[in-house]
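In short: position in the sequence shown from 1, add 6, done, that's my numbering. For each residue, glycine too, the CB sits at the ideal point set by N, CA and C. Written out below as structure tokens is the structure these notes cover.
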Amino acid sequence: MSTEILLALVVLAATILLLVTGLLRSDLIALLVLVVVAILGLVPPQRALAGFASAAVLTVAGMYVISAGLSRTGVAEVLGQWILRVAGNGEVRVMVAVTLVSGILSGVMTNVGVAAMMLPVVVGIARRAAIPPSKLLIPMVLGTQMGGFLTLVGTTPNLIAADALRSAGFEPFGLFSFTPIGIVILAAGTLLIATVGPRLLPTREPRLPVGEVDRSGIREDVELSERLFYLKVPRQSLLTGKTLAESLIDSALGVHVLALLREGRTIRAPGPETTLRGGDRVLVQGRPDFFLELRGRRHLAGRGGAMNPEWLESPEVGLARARVARRSAFVGRSPAELDLRARRGILVLTLVRDDAFRRTHIVDTPMQVGDELLLQGPRDKLAELAAGSDVEGLEPLTAAAAVREFELEERLWRLRVTPDSLMAGRTLAETRLGDAAGLTVLAVASDPGGAGGADTGGEGGAETDGDGGSDTDWDDGAGSGGDAGAPTVGDGPAGGWRVRLLPGPDLRLEVGDHLLVKARPDDMIVLRGLQRLEVDLDTPVDAGLLEGADAGFTEAVLAPRSSLVGRTLRQVNFRGRFGMHVVGIVREGGVIRAELRDEVLKFGDALLLYGPRRNQRALAREPDLILLRLPEGDEPEPRLAPLSILITVGSLLPVMFGLIPVAVGILGGAALMVLTGCLSTDEAYGAVEWPTLVLIAGMLALGAALDETGAVALFGEALLDGAGGLGAPLMLAVLVAVSALAGQFIPATVVVVLMAPVALAAGDFLGVSPYPLVMGVAIAATTLASPVSHPAPALVMAPAGYRRADYLRLGVPLTLLVAVLTILVTPLFFPF
Numbered sequence: 007m008s009t010e011i012l013l014a015l016v017v018l019a020a021t022i023l024l025l026v027t028g029l030l031r032s033d034l035i036a037l038l039v040l041v042v043v044a045i046l047g048l049v050p051p052q053r054a055l056a057g058f059a060s061a062a063v064l065t066v067a068g069m070y071v072i073s074a075g076l077s078r079t080g081v082a083e084v085l086g087q088w089i090l091r092v093a094g095n096g097e098v099r100v101m102v103a104v105t106l107v108s109g110i111l112s113g114v115m116t117n118v119g120v121a122a123m124m125l126p127v128v129v130g131i132a133r134r135a136a137i138p139p140s141k142l143l144i145p146m147v148l149g150t151q152m153g154g155f156l157t158l159v160g161t162t163p164n165l166i167a168a169d170a171l172r173s174a175g176f177e178p179f180g181l182f183s184f185t186p187i188g189i190v191i192l193a194a195g196t197l198l199i200a201t202v203g204p205r206l207l208p209t210r211e212p213r214l215p216v217g218e219v220d221r222s223g224i225r226e227d228v229e230l231s232e233r234l235f236y237l238k239v240p241r242q243s244l245l246t247g248k249t250l251a252e253s254l255i256d257s258a259l260g261v262h263v264l265a266l267l268r269e270g271r272t273i274r275a276p277g278p279e280t281t282l283r284g285g286d287r288v289l290v291q292g293r294p295d296f297f298l299e300l301r302g303r304r305h306l307a308g309r310g311g312a313m314n315p316e317w318l319e320s321p322e323v324g325l326a327r328a329r330v331a332r333r334s335a336f337v338g339r340s341p342a343e344l345d346l347r348a349r350r351g352i353l354v355l356t357l358v359r360d361d362a363f364r365r366t367h368i369v370d371t372p373m374q375v376g377d378e379l380l381l382q383g384p385r386d387k388l389a390e391l392a393a394g395s396d397v398e399g400l401e402p403l404t405a406a407a408a409v410r411e412f413e414l415e416e417r418l419w420r421l422r423v424t425p426d427s428l429m430a431g432r433t434l435a436e437t438r439l440g441d442a443a444g445l446t447v448l449a450v451a452s453d454p455g456g457a458g459g460a461d462t463g464g465e466g467g468a469e470t471d472g473d474g475g476s477d478t479d480w481d482d483g484a485g486s487g488g489d490a491g492a493p494t495v496g497d498g499p500a501g502g503w504r505v506r507l508l509p510g511p512d513l514r515l516e517v518g519d520h521l522l523v524k525a526r527p528d529d530m531i532v533l534r535g536l537q538r539l540e541v542d543l544d545t546p547v548d549a550g551l552l553e554g555a556d557a558g559f560t561e562a563v564l565a566p567r568s569s570l571v572g573r574t575l576r577q578v579n580f581r582g583r584f585g586m587h588v589v590g591i592v593r594e595g596g597v598i599r600a601e602l603r604d605e606v607l608k609f610g611d612a613l614l615l616y617g618p619r620r621n622q623r624a625l626a627r628e629p630d631l632i633l634l635r636l637p638e639g640d641e642p643e644p645r646l647a648p649l650s651i652l653i654t655v656g657s658l659l660p661v662m663f664g665l666i667p668v669a670v671g672i673l674g675g676a677a678l679m680v681l682t683g684c685l686s687t688d689e690a691y692g693a694v695e696w697p698t699l700v701l702i703a704g705m706l707a708l709g710a711a712l713d714e715t716g717a718v719a720l721f722g723e724a725l726l727d728g729a730g731g732l733g734a735p736l737m738l739a740v741l742v743a744v745s746a747l748a749g750q751f752i753p754a755t756v757v758v759v760l761m762a763p764v765a766l767a768a769g770d771f772l773g774v775s776p777y778p779l780v781m782g783v784a785i786a787a788t789t790l791a792s793p794v795s796h797p798a799p800a801l802v803m804a805p806a807g808y809r810r811a812d813y814l815r816l817g818v819p820l821t822l823l824v825a826v827l828t829i830l831v832t833p834l835f836f837p838f
């Protein structure tokens with residue numbers, strides 16, 4: 007074995023290991039593979055890069071655009087109405103119709119594109135036919151995957167197989183080369199689904215009330231009954247006259263404000279600009295236990311005295327001034343979106359724009375070019391930031407200079423954890439101090455001698471404010487005629503204090519700890535107003551109050567290429583961006599209802615949303631989400647559907663007659679989708695799944711390296727030696743079995759890139775036609791047995807209330823059926 011073959015096999019093994027373990031994204035793995043094989047000289051650089059210009063990559067890109075055009079013009083709605091007319095309300099008939107229609111569409115569209123387009127349509131069919139969605143959504147997904155075998159452009163592995171034939175000097179597969187076998191597979195698979203599907207598929211209601219008009223049971227479906235309760239604003243309250251945004255009810259208390267009851271009328275889904283009045287009853291969704299614990303106890307007491315500069319800086323932690331650079335990644339993004347605290351350990355303490363100082367509530371503020379920032383962070387991290395391109399003019403500052411130049415004196419408060427405080431023994435994350443009033447904890451100081459733990463009344467005991475109550479909760483010194491809680495730079499406590507700068511969310515507070523926090527005086531007063539809210543857990547909540555012509559619930563799932571995946575609701579500013587509350591996340595059969603703002607979203611998540619109807623209509627046009635039921639009167643008008651269908655057919659006809667190559671026809675159809683207005687340019691670029699294209703191009707480079715070094719020939723010889731001269735039919739069975747097994751763990755595209763050259767080598771050694779062997783590899787690699795190896799199954803798991811085992815019950819026998827049919831039928835149309 008030569009050194010080149012050994013290196014190629016090492017690269018192959020490392021690639022498979024990374025793909026199976028998921029340590030890196032598949033497209034990044036492919037890009038690294040391309041670079042490595044070129045650097046090692048396993049393949050000439052020109053051939054390594056040739057994948058980006060291959061016909062397969064260009065065809066796949068064009069198919070994404072055509073699929074998006076068909077989806078955007080409402081073709082699915084037309085098909086949905088046709089299914090109902092033809093199939094009626096019979097469960098088996100509807101199941102068969104959904105499977106066949108999804109399969110036929112998948113012959114000219116991407117599988118995941120069909121699944122995303124058909125999801126709300128099938129949910130609507132299930133609602134109107136009174137059939138559980140769980141009986142239809144798996145057949146829909148399996149139909150899309152089987153339909154990919156109908157044409158050359160039906161699925162990416164088909165195109166890769168054709169490209170492998172072309173590279174080996176053979177005539178590639180034509181547009182309808184797969185069609186005879188695909189028809190047999192789709193027909194047999196549909197028959198299997200119709201026969202055993204009704205028994206194997208669960209009759210399960212989803213955790214989200216998919217598409218229901220009557221939402222009276224919504225609390226039970228998502229288990230919100232224990233999460234809905236009323237808060238009452240006292241007649242004389244510090245919150246009177248403040249907007250919901252200013253009141254901080256949602257962030258400080260960790261609840262969603264769903265409605266206001268005022269003088270006999272209901273204000274549903276009030277916006278952040280809605281003003282509170284004394285006597286309002288606020289209907290919220292959240293955890294009442296935290297609120298009940300918060301009330302009636304004195305948690306943080308204001309403490310007079312001065313502050314030592316080391317409470318803001320140390321030899322390891324410093325302060326600096328900087329400006330946002332023109333080409334900075336900060337532009338248009340907020341500190342929360344960038345996750346600066348977690349990723350770089352840096353806090354933005356102040357933002358100055360147009361001579362206006364923003365010292366609090368900065369975390370969700372998008373930054374602009376030229377913004378001046380006051381930063382706090384580890385000195386080495388600040389130095390790294392200065393060396394990069396995100397900021398310019400970074401200048402270290404002392405604590406005294408920072409406080410003076412950025413006018414922080416009135417925003418810094420020193421608070422002490424009292425003996426009876428709920429905060430004692432909890433981490434900073436559990437105390438919600440970061441959410442309350444935009445309050446930022448800059449440092450936590452502990453007195454080893456325990457002197458700070460005594461709670462004497464002389465340090466800001468109970469006060470009386472304007473609403474006649476006794477302030478025993480957030481005793482910050484505000485409103486008492488002084489600013490005892492606002493420390494200044496100067497001599498601090500006696501020596502021996504242990505000061506922890508930039509405390510992390512896992513830092514656990516203890517009685518007597520002193521917190522240096524940054525907040526507005528008005529917000530500290532708001533916290534006292536929140537303490538006076540009265541909680542009402544006895545009055546039953548009528549869910550009907552939340553549904554009306556102006557507002558209500560809706561459901562959505564994350565789209566396959568959603569930019570929300572991998573980010574939290576806080577980071578994407580979901581409430582501000584979409585104007586909707588996320589009141590529940592359904593994931594893998596369970597419902598997440600608490601701490602939603604910091605929950606990392608995953609593909610396949612279903613979201614229960616609440617908000618104004620007008621925002622729901624806007625949501626229907628968002629590429630990041632798929633609404634399971636469009637708002638009334640907002641169904642797409644399918645006037646462009648005939649045009650998009652005509653463009654699709656017109657782009658395929660010249661290919662069918664051999665007048666132009668497949669890639670040219672598909673790219674022409676994609677261009678016409680944009681030129682005719684079926685799709686905008688931005689929508690066309692957004693429809694392309696660029697990671698898939700990178701994956702194909704990178705894997706083609708690996709395939710070329712295996713071919714150039716002779717590794718493919720070596721593997722083919724080993725396979726023939728192992729097969730022991732079994733002959734072409736049994737060789738086809740072996741290749742199908744290996745490809746089907748590999749497809750359970752790595753993407754089908756990768757399987758075909760690696761196995762198609764082996765099939766070609768096997769055909770050469772056996773002296774038979776390579777076409778049935780290559781086709782067998784392409785079909786077998788597209789697995790139907792795994793609910794996690796392809797985006798389409800994950801898309802329907804939450805809306806139908808599926809568990810992984812539900813997909814396997816039908817997917818495994820269908821996979822075996824497809825494998826057997828491939829082995830038996832392929833040689834009939836492509837003899838050896």
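Taking arginine 339 as reference, the option from Gly383, Asp396, Leu380 and Ala326 with the minimal CA-CA separation is Asp396. Boundaries of the beta strand (DSSP E) around tyrosine 236: 234–238.
For methionine 373, the three-state secondary structure derived from DSSP is strand. Excluding residues up to 5 positions away in sequence, Val680 lie with their Cβ nearer than 7 Å to the Cβ of threonine 687 in the same chain. By the Cβ rule, the segment 812–819 counts as touching the segment 189–202, because three or more pairs are nearer than 8 Å. A straight-line Cα-Cα distance of about 36 Å links phenylalanine 771 and threonine 150. Residue environment for leucine 48: buried (at least 16 other C-beta atoms within 10 angstroms of its C-beta). Annotation: methionine 124 to alanine 784 spans about 25 Å, alpha carbon to alpha carbon.
Three or more Cβ pairs closer than 8 Å define a contact, and the segment 704–721 falls short of that threshold against the segment 97–115. The three-state secondary structure of arginine 526, taken from DSSP, is coil.
Leaving aside the five residues that flank leucine 649 on each side, the residues in its chain whose CB is nearer than 8 Å to its CB run, in chain order, Thr79, Thr682 and Cys684. Beta-bridge annotation (DSSP): phenylalanine 559 is paired with Tyr616. Residue pairing by DSSP leaves threonine 821 without any beta bridge partner. When Cβ pairs closer than 8 Å are counted between the two stretches, the segment 123–138 is seen not to touch the segment 662–675, the count staying below three.
Between the alpha carbons of leucine 171 and glutamate 177 lies a gap of roughly 7 Å. Judged by DSSP in its simplified three-state form, glutamate 252 adopts helix. The beta carbons of glycine 75 and threonine 832 sit no closer together than 9 Å. Per DSSP, the continuous beta strand (DSSP E) segment holding threonine 356 begins and ends at 353–359.
With the rule of 3 Cβ pairs closer than 8 Å, the segment 418–434 counts as touching the segment 512–524. Taking one beta carbon from each stretch, the segment 540–548 and the segment 234–243 have 3 or more pairs nearer than 8 Å; the two touch.
Counting only unbroken stretches of 3 or more residues, no beta strand (DSSP E) element lies wholly within the segment 655–682.
Here serine 32 is not near leucine 801, since their CB atoms are 9 Å or more apart. Secondary structure note for threonine 162: its alpha helix (DSSP H) is the uninterrupted segment 162–173. Check the Cα spacing between proline 425 and each of Leu515, Ile368 and Leu15: the tightest is with Leu515. With respect to the 9 Å criterion, glycine 749 and threonine 789 are classified as neighbours on the basis of their beta carbons. Residue Pro837 holds the alpha-carbon nearest to the alpha-carbon of glycine 773 among Pro837, Val571, Thr65 and Leu513. For valine 42, the CB contacts under 7 Å within the same chain, skipping 5 residues up- and downstream, are Val17 in chain order. Along the segment 76–100, the alpha helix (DSSP H) occurs as fully enclosed runs of 4 or more residues at 81–93, listed in sequence order. DSSP places aspartate 453 outside both helix and strand once states are collapsed to three, so it counts as coil. Straight across, the Cα-Cα distance linking valine 263 with tyrosine 616 is about 10 Å. Residue nearest to leucine 111 within the set Pro618, Leu192 and Ser427 is Leu192 (criterion: CA-CA distance). By the Cβ-count criterion, leucine 244 is buried, with 16 or more other Cβ atoms from all chains shown falling within 10 Å of its own Cβ. Taking glycine 86 as reference, the option from Met429, Thr105, Val597 and Ala787 with the minimal CA-CA separation is Thr105.
Under a 10 Å Cβ-count criterion, glycine 68 is classified as buried, with 16 or more other Cβ atoms of the shown protein chains found around its own Cβ. Within a 10 Å sphere around the beta-carbon of alanine 811 sit fewer than 16 other beta-carbons, which makes this residue exposed.
Within a 10 Å sphere around the beta-carbon of tryptophan 696 sit fewer than 16 other beta-carbons, which makes this residue exposed.
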